[in-house]
Amino acid sequence: MPGTELFGAEEKKEINDVLETGILFRYNHDAQRNNIWKAREFENEVKKLLGAKYAHAVSSGSTAVACALASAGIGAGDEVIVPPFTFIASVEAVLFVGALPVFAEIDETLCLSAKGIKAAITPKTKAVLLVHMCGGMAQMDEILAVCKEHNLTLVEDAGQAFAASYKGTSVGLMGQTGCYSFDFFKIATAGEGGVMVTNDEQTYKNADCYSDHGHSHVGNNRGMEPHPLLGFNYRIGELSAAIGLAQTRKVPFILEKNREHKKILTDILSKVPGLSFSKLPDPSGDSATFLNLFLPDTESAKRVIDEFNKAGVAGFNYWFLNMYHFINQWDHLKELKVAAKLPIHLLGAPQDYKNLHLPKSQEVVGRLISFGIRCTWTGEEVKALANKIAGCVTKAMAVQA
Ligand SMILES: Cc1ncc(COP(=O)(O)O)c(C=O)c1O
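Take the sequence shown: its letter number 250 is residue 428 in this note's numbering, and every next letter is one higher.
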């Protein structure tokens, strides 16, 4: 949780700016706010960091995904290809914009593969919701080629990969829209918050309207201006934006430290027989918020987790823990249980969610063990952790031999 590790005077200063004016709302009140516009500043900082033309801050990563889908024109009845390994929010966002999630296989990048996407395309497929999982990035060249060939809109959920990049472009900026989470557990936090990005002006305008009841924010008198679209309240408040702003400024430092620590870990662990790492199509663009280890198979991953538990090492496997990040834990989705019906209930599910055949994803997630990387660790702490992990893995693998 790197962002939360670095709370300090910078966050307090930004929050105090807002409290001194008392204007917690991101729009209007020009006379009272003493030129304090934290949501705008937060968006500008994100644009600068990522190289985005447009950024729009919203209330959460989940609403950023919904905003990214809706503003790209994805809605009722559209099939959207999604991964079975993501936080459930990605799938919920597809459902709640009225679209129909179609699950496809991931690969060793922990993200959807081009092959998986191709196999899931039907005449109703409108978009791919690509989730850049666990700090890294998908195999972009192949995925962009499939999207182009089949005329699919690419929406990127980079909720876990803020500031990661692929061949010099920030993840989130390779499709029509991208989004990031600033919840409490992310590389930079706003407490709760999210940001949607795009390089397309109309898509940005759609997002700006959609996230605030259709207000177009033209001129400086929100509420009295034209309302081109229906929307809803996905707004971010000035206090959250103030924290997000201070935290975004710290991201270059966080990246540097995380990458330093991940290098120490991988240098030591690459010598351990039986261990390998998740695939990074552009290692230099890794946000390095996670160390993602592969064991040869699910059985050895289980034994390693047992050794970690005995040794007090905090690695986690998404398959055995009820982490809410893998389809094996989503019984409510398989039963389509909701408080009130969605378009999917009227149109029917595009796949039999209870009996999906996703052997590659099961195999990949079954032998994956992840660690969160902290930016405040000392070099000695990182080395001690690497040696502990190595010891546990060696012990667990010896049982097999
Ligand atoms: C990939 C991904 N997308 C979306 C979200 C939702 O973000 P939030 O918790 O800010 O709503 C998360 C949160 O963990 C996530 O990991």
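All C-beta atoms, glycine included, are put in the ideal place defined by N, C-alpha and C.
On a CA-only basis, which of the options is nearest residue i? Give me that one, please.
| i | options | result |
| --- | --- | --- |
| Asp441 | Leu563, Ala368, Leu417 | In the sequence under discussion, the amino acid at residue 441 is Lys, which differs from the Asp named in the question. Residue Leu563 is the option with its Cα nearest to Lys441. |
| Asp464 | Asp390, Leu433, Leu473, Ala323 | Leu433 |
| Lys293 | His391, Ala323, His310, Gln210 | Ala323 |
| Asp195 | Thr367, Phe363, Ala424 | Ala424 |
| Gly356 | His503, Lys225, Tyr531 | Lys225 |
| Phe203 | Ala336, Leu417, Lys304 | Leu417 |
| Glu334 | Asn399, Ala368, Ser249 | Ser249 |
| Pro406 | Ile421, Val429, Gln380, Gly415 | Gln380 |
| Leu308 | Lys302, Gln317, Pro301, Thr300 | Gln317 |
| Ile628 | Ala277, Ala242, Tyr358, Lys449 | Since the displayed the chain opens at 179 and closes at 579, residue 628 lies outside it and no answer follows. |
| Gly239 | Tyr232, Ala209, Tyr412 | Tyr412 |
| Val450 | Glu270, Leu227, Gly569 | Gly569 |
| Ala590 | Ser454, Ala209, Tyr382 | Look at the range of the chain in this structure, 179 to 579, and you will see that residue 590 is not part of it. |
| Ala419 | Glu558, Asp390, Thr367, Asn470 | Thr367 |
| Glu257 | Ala341, Thr287, Ile295 | Ile295 |
| Gly186 | Gly422, Phe265, Ala244, His310 | Gly422 |
Between residue i and ligand 1, is the CB less than 7 Å from at least one heavy atom?
| i | result |
| --- | --- |
| Ser456 | no |
| Gln507 | no |
| Gln425 | no |
Here's the rule I'm using: 16 or more other beta-carbon atoms within 10 Å means buried, otherwise exposed. How should residue i be labelled?
| i | result |
| --- | --- |
| Ser343 | buried |
| Asn487 | exposed |
| Ser462 | exposed |
| Ser539 | buried |
| Glu192 | buried |
| Glu223 | buried |
| Ala273 | Correcting the residue type first, residue 273 is Leu in the shown sequence and not Ala. The residue in question, Leu273, is buried, as its Cβ has 16 or more Cβ neighbours within 10 Å. |
| Tyr388 | buried |
| Tyr358 | buried |
| Phe431 | exposed |
| Asn212 | exposed |
| Val429 | buried |
| Ala297 | exposed |
| Thr300 | exposed |
| Val577 | exposed |
| Gly181 | buried |
| His393 | buried |
| Thr556 | exposed |
| Pro261 | buried |
| Lys216 | buried |
| Met402 | exposed |
| Asn436 | buried |
| Gly544 | buried |
| Lys364 | buried |
Does residue i come within less than 8 Å of chain D when only Cβ atoms are used?
| i | result |
| --- | --- |
| Phe410 | The structure shown contains no chain D, having only a single protein chain. |
Closer than 6 Å: residues whose CB approaches a heavy atom of ligand 1 = Ser238, Gly239, Ser240, Val243, Thr264, Phe265, Ala267, Ser268, Val309, Asp335, Gly337, Gln338, Ser359, Asp361, Gly372
* To do: Write down every uninterrupted run of the alpha helix (DSSP H) in the segment 257-300 whose length is 4 residues or greater and which is fully enclosed by it, in chain order.
  => Segments of the alpha helix (DSSP H) lying fully in the segment 257-300: 267-274, 292-298.
TODO: Mind listing, in chain order, the continuous beta strand (DSSP E) runs of no fewer than 3 residues lying wholly within the segment 369-456?
DONE: The beta strand (DSSP E) runs lying completely inside the segment 369-456 and spanning 3 residues or more are 372-376, given in chain order.
Just to confirm the assignment: which complete alpha helix (DSSP H) runs, minimum length 4, are found wholly within the segment 499-523? 509-512
Practice problem: Quick one: which unbroken alpha helix (DSSP H) runs of 4-plus residues sit fully inside the segment 538-579? Chain order, please. | Solution: 557-578
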